Amino acid sequence: MSSKINTSQLNNNSRQQCRWHGYPTISSLEFAATQAILNASQQAVSQNGEFHIVLAGGSTPRRVYELLRTKVTDWSKWHIYFGDERCLPADHPERNNRMAAEAWLDHVSIPASQIHIIPTEQGAAAAASTYAQTLSKVEVFDLVILGLGEDGHTASLFPDHDWGASPNSLSTLAVFDAPKPPSERVSLTARRLSQTRQLIFLVSGSTKRQAIIDWRNGQAIPAAAISPDNGVDVYLEEQLLQT
Ligand code: 6PG
Numbered sequence: 010m011s012s013k014i015n016t017s018q019l020n021n022n023s024r025q026q027c028r029w030h031g032y033p034t035i036s037s038l039e040f041a042a043t044q045a046i047l048n049a050s051q052q053a054v055s056q057n058g059e060f061h062i063v064l065a066g067g068s069t070p071r072r073v074y075e076l077l078r079t080k081v082t083d084w085s086k087w088h089i090y091f092g093d094e095r096c097l098p099a100d101h102p103e104r105n106n107r108m109a110a111e112a113w114l115d116h117v118s119i120p121a122s123q124i125h126i127i128p129t130e131q132g133a134a135a136a137a138s139t140y141a142q143t144l145s146k147v148e149v150f151d152l153v154i155l156g157l158g159e160d161g162h163t164a165s166l167f168p169d170h171d172w173g174a175s176p177n178s179l180s181t182l183a184v185f186d187a188p189k190p191p192s193e194r195v196s197l198t199a200r201r202l203s204q205t206r207q208l209i210f211l212v213s214g215s216t217k218r219q220a221i222i223d224w225r226n227g228q229a230i231p232a233a234a235i236s237p238d239n240g241v242d243v244y245l246e247e248q249l250l251q252t
């Protein structure tokens, strides 16, 4: 039985409203996140007949994607997007879309036309432009899933870089000097990631402790720039809430 600590706080340095959900174990966090994603899909499908979700990259969400693979739901209503992608060949195992495919998407019946991969094999600038066109077809996402880097980055929005947080920012950014390899990436902007009904950060691992401390102290880390109208839910190991 997962118990969770639910504390809310307004982030001091932006209008971002954070709800912090601490879990005793990584598996209880992953179970809760999987259920939250399914709940969001059921709500979206019952209201609009389809579900538009943006996936996180990195390693943290892998187990959640593997758990989703075992679920029974109407996959034909799901539309998949990616919050960022690494500029690597299309079949490279380090691509975020490859991780999601191997863990989940290759094993369920979401129509291929509804899985919107960022074509970074084209190069960052071309892929950012192409994906902005793709995103123009969906005004508001139903759910965005994001990770958190040790330096407070999220998607491929890094400290001391442009996060695309202003109201007139484009939907996507080409990144050429990312501190996390590979250096060339494409990311949705903070503005575009914020256009969502619900947003969940998944954070685990002691290496993220300082980023969480900085975030909760109101420091201007990239993750704090994501500010949907309905706020954000941060699913994390409760040990990361204890300073
Ligand atoms: C990427 C991700 C990145 C990731 C964080 C956390 O391409 O690497 O988009 O933003 O979510 O770096 O990564 P982990 O989940 O592996 O700790």
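Numbering-wise (our numbering), the sequence shown opens with residue 10 and increments by one. Cβ atoms here follow ideal geometry from the backbone N, Cα and C, with glycine treated the same way. Since we're looking at a predicted model, the values are computed, not measured.
Best match in the options for proximity to residue i [C-alpha to C-alpha]
i	options	result
glutamine 228	Ser37, Val147, Gly161	Gly161
aspartate 93	Ala53, His101, Thr163	Thr163
alanine 49	Leu249, Val63, Asn226	Val63
glutamine 253	Ser68, Asp151, Glu111, Cys27	Because the chain spans 10 through 252 in this model, residue 253 falls outside it and cannot be assessed.
threonine 216	Ala234, Leu245, Ser192	Leu245
alanine 154	Pro190, Pro188, Arg201, Gln251	Per the sequence shown, residue 154 should be read as isoleucine rather than alanine. Checking every option, the nearest Cα to that of isoleucine 154 belongs to Arg201.
isoleucine 230	Ile126, Asn106, Glu39, Leu166	Leu166
aspartate 115	Gly58, Arg218, Tyr74, Ala42	Tyr74
asparagine 57	Val212, Arg206, Gly240	Arg206
phenylalanine 91	His101, Ile127, Ala199, Ala99	Ile127
arginine 95	Glu193, Ala110, Thr34	Glu193
valine 195	Ser203, Ser175, Ala141	Ala141
asparagine 177	Gln204, Phe185, Glu159	Gln204
threonine 34	Glu59, Gln219, Leu211, Ala112	Leu211
leucine 76	Arg218, Ile89, Glu111	Glu111
proline 188	Leu197, Leu250, Glu159	Glu159
isoleucine 119	Leu250, Met108, Gly240, Glu59	Glu59
alanine 9	Asp186, Ser175, Phe185, Pro191	A query on residue 9 cannot be resolved here, the shown segment of the chain reaching from 10 to 252 and no further.
Cβ separation of residue i and residue j, assumed to be a contact under 8 angstroms, to the nearest whole Å
i	j	result
valine 147	histidine 61	5 angstroms
leucine 144	alanine 232	Contact doesn't hold; Cβ gap of about 20 angstroms is too wide.
arginine 28	aspartate 238	Actually they do not touch by this definition, with Cβ atoms about 14 angstroms apart.
glycine 132	asparagine 105	Between asparagine 105 and glycine 132 the Cβ distance is about 17 angstroms, and since that is not below 8 angstroms, they are no contact.
serine 213	threonine 43	Going by Cβ atoms, the distance from serine 213 to threonine 43 rounds to 14 angstroms, so no, they are not a contact pair.
lysine 80	leucine 47	6 angstroms
isoleucine 209	glutamine 25	Rounded, the Cβ-Cβ distance is 14 angstroms, inconsistent with contact.
glutamate 130	proline 98	6 angstroms
arginine 78	valine 54	The pair is not a contact, with the Cβ atoms about 18 angstroms apart (cut-off 8 angstroms).
alanine 45	tyrosine 32	Going by Cβ atoms, the distance from alanine 45 to tyrosine 32 rounds to 12 angstroms, so no, they are not a contact pair.
methionine 108	arginine 71	6 angstroms
arginine 218	leucine 197	That pair is no contact at about 26 angstroms.
Residue i: CB within 6 angstroms of a non-hydrogen atom of the ligand FAD
i	result
alanine 183	You won't find the ligand FAD in this model; what it holds is the ligand 6PG.
(request) Enumerate, from N- to C-terminal direction, the unbroken beta strand (DSSP E) stretches of 3 or more residues contained entirely within the region 150-203. (result) Listed in chain order, the complete beta strand (DSSP E) runs (minimum 3 residues) inside the region 150-203 are 152-155, 181-184, 194-197.
(request) Mind the definition here: the region 164-184 touches the region 132-151 only if three or more C-beta pairs lie below 8 angstroms; say whether that holds. (result) The region 164-184 is in contact with the region 132-151.
(message) Could you tell me which whole beta strand (DSSP E) segments of length 3 or greater appear in the region 87-111?
(response) Runs found: 87-91, 93-95.
(request) Scan the region 19-65 and note each continuous alpha helix (DSSP H) run of 4 residues or more that stays entirely inside, going in chain order. (result) List check, alpha helix (DSSP H) in window: 35-57.
(message) When you compare the region 211-226 with the region 170-178, are there three or more beta-carbon pairs, one atom per stretch, that lie closer than 8 angstroms?
(response) The region 211-226, when compared against the region 170-178, does not touch it at the 8 angstroms Cβ threshold.
(request) Take every Cβ of the region 116-123, pair it with every Cβ of the region 84-91, and state whether three or more of those distances are shorter than 8 angstroms. (result) Contact between the region 116-123 and the region 84-91 is present: three or more C-beta pairs spanning the two stretches fall below 8 angstroms.
(request) Identify every run of the beta strand (DSSP E) within the region 198-237, keeping only runs that are complete inside it and at least 3 residues long; order them along the chain. (result) For the region 198-237, whole beta strand (DSSP E) runs of length 3 or above, ordered along the chain, are 208-212.
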